[in-house]
Amino acid sequence: MSTFRIATVNIHQFRLATYSKNINSLVSVLQPLQLDLIAVQEINNDYHWHQFCEQLGLKNSIIGKCDEWFLSNGIASQHPIISHSNQIGILSCPGEKRAMLQCRLGGDHPFVQDRSFAVTHLDHIDEDDRLAQIKEFDPVKHNIDILMGDMNALTRDDYSDNYYQNMIVHKREKSSWEKPHFDLTQLIREEWNYQDAFRLANPHAKDKEVVTCAMELELIIFIYVHVRMINGN
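The sequence shown stops at residue 260 when you use the numbering used here, and every number in between is there.
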């Protein structure tokens, strides 16, 4: 099967700490990957999003709002988007409402045939709210093959004992932040039979080798593939 390149990233409105835009910097990192599809979080349907897609050569794009006020999820693809839908969660919590955007692609690439893609961005404050959100979105019921996004969740196997205690537990305690939980990733992997694509490609990576969130030095953004894809079904 031909290579199909996927990425997911929390865009943060293309905003640096200085409030200047970082579109060119992001494009310089992503463009060499020659992506087929990218799923993003925290965007608006504006000039910056369209410029980002254009510079990456991804001419097909959709967005899905979380509610009237909160930022959107988005998907951009080299391949035509033949159907899509956006599910806005009912749950209202301090971390704002969330949504799951899903689509199917057309074209003749073997990987897109009968495949469904979805992106979400779960609550950043409370694991119970994250669990309620993902259960409401129910990617298994919707036959999602590739589930992507900022889950704001942890997998214990990603960290050595020393790193976990010093860089995860102690740092969260010092910041008066939520204690580490693993319920969400366990649900996705053990009950719903999704596998972490990065872990499949990098089975021995740990600690800083897996970090997707520089500020917290944690892996919280994932691309999950359903086991039926791995088994060739």
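We put the beta carbon where it would ideally sit given N, CA and C, even for glycine.
Roughly how many angstroms lie between the CA atoms of residue i and residue j, to the nearest whole one?
i    : j    : result
R142 : I65  : 15 Å
V119 : A126 : In the sequence as displayed, the identity of residue 119 is Ser instead of Val. Cα to Cα, the separation comes out at about 11 Å.
A145 : V196 : 30 Å
D153 : W76  : 29 Å
I102 : I90  : 6 Å
K23  : A159 : Lying before the first or after the last residue shown, residue 23 is absent from the chain, which here runs from 28 to 260.
F138 : M256 : 10 Å
I115 : Y251 : 21 Å
L132 : S110 : 7 Å
Enumerate in chain order the residues of its own chain whose CB-to-CB distance from residue i is below 6 Å, with the five nearest sequence positions on each side excluded.
i   : result
L62 : R32 and A34
Mapping DSSP to helix, strand and coil, what is residue i?
i    : result
N193 : helix
I247 : coil
D234 : helix
Q140 : coil
F263 : This structure gives no information on residue 263, because the portion of the chain shown stretches from 28 to 260.
L83  : coil
W76  : helix
S55  : helix
Mind checking who residue i pairs with in its DSSP beta bridge?
i    : result
G122 : Answer by DSSP bridge pairing: none, since G122 is not bridged.
R42  : K48
G101 : V67 and I90
D223 : Y251
M127 : Q114 and T147
A34  : I65
L132 : I108
C240 : E245
Among residues of its own chain, excluding the 5 on either side of residue i, which ones have a beta-carbon nearer than 8 Å to its beta-carbon?
i    : result
I247 : D177, M178, N179, A180, L181, T239 and C240
I171 : Q129, S143, F144, A145 and H253
Using C-beta distances below 7 Å, list every residue in its chain close to residue i, excluding the 5 sequence neighbours before and after it, in chain order.
i    : result
Y186 : I195, K233 and D234
### Message
Ignoring anything shorter than 3 residues, give me the beta strand (DSSP E) runs that lie fully in the stretch 150-193, in order along the chain.
### Response
173-177
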